[in-house]
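Sequence order for the protein chains is A and B. Per UniProt numbering, the very first residue in the first sequence carries number 1; after that it's consecutive. Per UniProt numbering, the very first residue in the second sequence carries number 1; after that it's consecutive. Beta carbons are placed, not taken as given, at the ideal position from N, Cα and C, and that holds for glycine. None of the values given here were measured: they were computed from a predicted structure.
There are 2 protein chains.
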Amino acid sequence: MATQTPESPAAAPAARDPERTRSEILAVATREFADKGFAGARVDEIAAKTRTTKRMIYYYFGGKENLYIAVLELAYTGIRALERQVDVEHLDPAEAIRRLTALTFDHHESHPDFIRLVSIENIHYARHIVRSEILAGLANPALDTLTRILDRGRAAGQFRRDADPIDVHMMISAFCVFRTANRYTFNAIFKRDMLDPARRDHYQAMIGDLVLEYLTASDGRPAPTA
Amino acid sequence: MATQTPESPAAAPAARDPERTRSEILAVATREFADKGFAGARVDEIAAKTRTTKRMIYYYFGGKENLYIAVLELAYTGIRALERQVDVEHLDPAEAIRRLTALTFDHHESHPDFIRLVSIENIHYARHIVRSEILAGLANPALDTLTRILDRGRAAGQFRRDADPIDVHMMISAFCVFRTANRYTFNAIFKRDMLDPARRDHYQAMIGDLVLEYLTASDGRPAPTA
DNA sequence: CGTATAACTAACTAACTAGTACATACATTG
DNA sequence: CAATGTATGTACTAGTTAGTTAGTTATACG
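Right, here's the structure in full:
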């Protein structure tokens, strides 16, 4: 007997389950906002796609904009949790960069809705991120990881000394985000699907090469010779 | 006497000027769609910001969606015209790459509305580009230019032989587009404005270095030694 | 048990929004 | 200078959309 709730053994739509109601609204809203943007998404449609009613959206979230912010908060905290799991401390700096880059690459590929939400939020000048207390002060595990790798690489004389963590993070993100975020216009214009599985390994290696070549290039200053 | 009659040469609101009416609607619509997206933009507001009425939008463009497509067409053809003016044929391949990269960089920086429209269009899965006959078959001067540079660079034994023009174009675009398109969320999270004039030269040089280092790196094949 | 409260539903509304009907002024040309 | 099509403005409408009102039902807890 696969009972879902303590007292109800019926497999019927669980009558009362605030936890599930809330998270179902969030899940559906994530899809809708990511698909159509803030202005394009419809509260009525979000409600219709859940097993509950529109009233519940207002009950739990207070309004369309707050729901959108809740969606952003969930998306960002989820991504950050994943980033925190990355462990490359045991790897040689160059290998660690390659691994971090590959993981970021995989990550963006497997979370297109997140990338879409970020694009949408940029169209809104990041207004909602700034307004959200949760998001405004969210730590960035990927950047911390990268900072440690760069420190190790510099100490070992492997990496250029003027490499800035935020810049390197930007490089990696730029490539990985572009590939997903601009997939459709790029394909319409160049007739090339940047997410074609046949080209996946090629692009994953390319961004790794790119970053490593940058990091191991001379910075024009007296560097400790290997 | 500021007469508005047919024969008045006065600088007063030109009574009849279809050319101006049309282009004014397009200019205002470009700003509105770039600012708020397709769903977020309001036909009434676009009309209010022109010197004409909503009726004229329907008269000239037929509807909101067609107006949006017209905006895209104008934006893309304008950008393509600029790209066509790039002349780097007289430069050494490496210098040509640096110049093309710098021009692309400048270009994206000075056309944020275009980048926004591209982001918006990606949110719409490039549906309108595909529908537009003008856009679907628009040549890409930047890619042609790049292809010729790469050919010259390979012939001179300066560039790796497996460098693909579309891939290289993608690299350049990724960096330049990301910097503009993701400016707001990036700044909200990392407290760094990627468009800060103080960092402009740094980033312009960085993308140039990045691409050149990639192109001059060994491709693991027997290459003509310099 | 019974009652307070949290979870929930259905129906409604006021405001907005894309698009249109209709009337008319202007300009070109025969 | 008539007449005909182009360009334009005003006022309207039908449909949509975020948000609300007024309640009902389940559950926890004394």
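Can you tell me which of the three DSSP states residue i falls into?
i: residue 72(A); result: helix
i: residue 62(A); result: coil
i: residue 175(B); result: helix
i: residue 88(B); result: coil
i: residue 210(B); result: helix
i: residue 23(B); result: helix
i: residue 108(B); result: helix
i: residue 48(A); result: helix
i: residue 82(B); result: helix
i: residue 137(A); result: coil
i: residue 67(B); result: helix
i: residue 195(B); result: coil
i: residue 53(A); result: coil
i: residue 124(A); result: coil
i: residue 237(B); result: What the structure shows of chain B is the stretch from 1 to 226, and residue 237(B) is not part of that stretch, so it cannot be assessed.
i: residue 153(A); result: helix
i: residue 167(A); result: helix
i: residue 217(B); result: coil
i: residue 183(A); result: helix
i: residue 225(A); result: Only weak support exists for where residue 225(A) lies, its pLDDT of 48 falling under 50; the value from the coordinates is given anyway. Note: residue 225(A) maps to coil in three-state DSSP.
i: residue 204(A); result: helix
i: residue 119(B); result: helix
i: residue 34(A); result: helix
Could you tell me which of the options sits nearest to residue i, measuring between CA atoms?
i: residue 87(B); options: 26(B), 45(B) and 145(B); result: 145(B)
i: residue 165(B); options: 20(B), 200(B) and 143(B); result: 143(B)
i: residue 188(A); options: 137(B), 82(B) and 78(B); result: 137(B)
i: residue 42(B); options: 51(B), 64(B) and 56(B); result: 64(B)
i: residue 190(B); options: 195(A), 100(A), 169(A) and 20(A); result: 169(A)
i: residue 131(A); options: 184(B), 112(B), 82(B) and 91(B); result: 184(B)
i: residue 77(B); options: 38(B), 172(B), 126(B) and 135(B); result: 135(B)
i: residue 210(B); options: 197(A), 192(A) and 172(A); result: 172(A)
i: residue 83(A); options: 96(A), 91(A), 107(A) and 61(A); result: 107(A)
i: residue 91(A); options: 18(A), 148(A) and 19(A); result: 148(A)
i: residue 37(B); options: 52(B), 85(B), 123(B) and 19(B); result: 123(B)
Between residue i and the rest of its own chain, which residues show a CB-CB distance below 8 Å, the 5 nearest in sequence each way excluded?
i: residue 118(B); result: 177 and 181
i: residue 141(A); result: 80, 83, 84 and 86
Excluding five sequence neighbours on each side, which residues of the same chain lie with their C-beta closer than 7 Å to the C-beta of residue i?
i: residue 128(A); result: 68, 69, 72 and 121
i: residue 159(A); result: 93, 150, 153, 215 and 216
i: residue 56(A); result: 21 and 25
i: residue 112(B); result: 180
i: residue 115(A); result: 108, 177, 180 and 181
i: residue 196(A); result: none
i: residue 16(B); result: none
Note down the Cα distance separating residue i from residue j, rounded to an integer number of angstroms.
i: residue 79(A); j: residue 104(A); result: 11 Å
i: residue 167(B); j: residue 44(A); result: 42 Å
i: residue 54(A); j: residue 48(A); result: 8 Å
i: residue 139(A); j: residue 81(A); result: 10 Å
i: residue 212(B); j: residue 100(B); result: 11 Å
i: residue 163(B); j: residue 61(B); result: 43 Å
i: residue 194(A); j: residue 201(A); result: 11 Å
i: residue 228(B); j: residue 75(B); result: Chain B is shown from 1 up to 226; residue 228(B) falls before or after that span and cannot be answered.
i: residue 39(A); j: residue 133(B); result: 27 Å
i: residue 66(B); j: residue 95(A); result: 51 Å
i: residue 126(A); j: residue 52(A); result: 30 Å
i: residue 110(A); j: residue 89(A); result: 24 Å
i: residue 192(B); j: residue 85(A); result: 25 Å
i: residue 199(B); j: residue 198(A); result: 37 Å
i: residue 27(B); j: residue 59(B); result: 16 Å
Determine whether the beta carbon atoms of residue i and residue j lie at a separation below 8 Å.
i: residue 32(B); j: residue 50(B); result: no
i: residue 175(A); j: residue 207(A); result: yes
i: residue 29(A); j: residue 46(A); result: yes
Whose C-beta lies closer than 6 Å to the C-beta of residue i among residues of the same chain, with five residues either side of it excluded?
i: residue 102(B); result: 204
i: residue 98(B); result: 208
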